[in-house]
Amino acid sequence: DGGITQSPKYLFRKEGQNVTLSCEQNLNHDAMYWYRQDPGQGLRLIYYSQIVNDFQKGDIAEGYSVSREKKESFPLTVTSAQKNPTAFYLCASSTGQGQPNIQYFGAGTRLSVL
Amino acid sequence: KQEVTQIPAALSVPEGENLVLNCSFTDSAIYNLQWFRQDPGKGLTSLLLIQSSQREQTSGRLNASLDKSSGRSTLYIAASQPGDSATYLCAVRPRETSGSRLTFGEGTQLTVNP
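Protein chains in written order, with our numbering: chain A, 114 to 227; chain B, 38 to 151.
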């Protein structure tokens with residue numbers, strides 16, 4: 114079954130704690146993305162990676178970190194520096210450069226602060 | 038900086054009605070525009086993608102149009118059904134030399150009443 118798997122579905126963070134959200138894809142896509150969605154709002158880009166071992170900051174990268182050591186995996190760490198982490202986090206992947214480059218999305222992780 | 042706006046923010050219609058969702062963007066230098074559907078608490082599903090050289094795309098009861106010069110796109114849903122109830126998001130891919138990031142609108146929350 115091809116697709117994008119995000120885990121966990123729900124995650125709780127304590128004050129001062131770092132947490133890591135998992136994103137795995139078996140679509141053989143080069144590019145992967147992390148978005149944040151707040152209630153009633155669209156998606157905002159946190160980080161994206163067009164190829165293994167390379168990634169770029171999106172519009173709201175502060176307080177987040179990523180790695181891209183394998184093509185299939187693009188984990189997102191929400192650090193203690195992110196003061197308002199409560200949101201719905203979505204991971205996506207695409208073939209990368211060229212057309213049409215449709216992005217395919219995972220089911221999301223909902224992060225809350227205890 | 039590209040900005041994407043969707044109007045209305047919410048829409049409630051009776052079953053069977055034809056409806057139009059609007060999307061506008063500030064920078065006409067785009068590769069393509071996509072319409073997505075998001076069910077509550079779920080990821081995004083791509084509905085239609087219009088290349089910058091195209092005027093419209095159709096899939097079943099859905100028709101999306103693009104007027105790049107005026108920075109506008111519409112999503113037309115014919116004979117709406119309760120199963121169409123969801124949030125609809127549009128996103129543009131900017132025409133730049135590298136990267137394949139999308140800029141999203143805030144979405145239109147559609148409710149189709151039986």
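We treat Cβ as the ideally placed atom computed from N, Cα and C, and that holds for glycine.
Model, not experiment: these values are computed from the prediction.
Item	Value
Would you verify that the beta carbon of Y202 (chain A) is, or is not, closer than 8 Å to some beta carbon of chain B?	no
Going straight from the alpha carbon of R109 (chain B) to that of K38 (chain B), what length do you get?	16 Å
Inspect the beta-carbon positions of S206 (chain A) and I117 (chain A) and report whether they are closer than 8 Å.	yes
Please list the residues of the stretch 91 to 107 of chain B that have a C-beta atom closer than 8 Å to any C-beta atom in chain A, keeping them in chain order.	none
Kindly indicate the opening and closing residues of the beta strand (DSSP E) around F187 (chain A).	Looking at the DSSP string, F187 (chain A) is not in any beta strand (DSSP E), and its letter there is neither H nor E.
Within this structure, are the beta carbons of Q75 (chain B) and L126 (chain B) separated by less than 8 Å?	yes
Just the chain A side, please: which residues come within less than 8 Å of G120 (chain B) by C-beta, in chain order?	None at all; the shortest Cβ gap to chain A is about 19 Å.
Does DSSP put D121 (chain B) in a helix, a strand or coil?	helix
Select from A:K170, A:I164, A:K127 the residue whose C-alpha is nearest the C-alpha of G209 (chain A).	A:I164
Which bits of chain B does L158 (chain A) rub up against, with CB to CB less than 9 Å?	R138, L139, T140, F141
Anything in chain E within Cβ reach of Q154 (chain A), meaning under 7 Å, just list it in chain order.	Chain labels in this structure do not include chain E; the protein chains are A and B.
Report all residues from its chain with a CB closer than 7 Å to the CB of D167 (chain A); omit the five preceding and five following residues, and keep chain order.	R181
Just to check my reading of the structure: A47 (chain B) and T145 (chain B) have Cβ atoms closer than 8 Å, yes? What is that Cβ distance to the nearest angstrom?	7 Å
Pull out every residue of the stretch 163 to 177 of chain A whose Cβ sits closer than 9 Å to any Cβ of chain B, in chain order.	Q163, Q169, G171, D172
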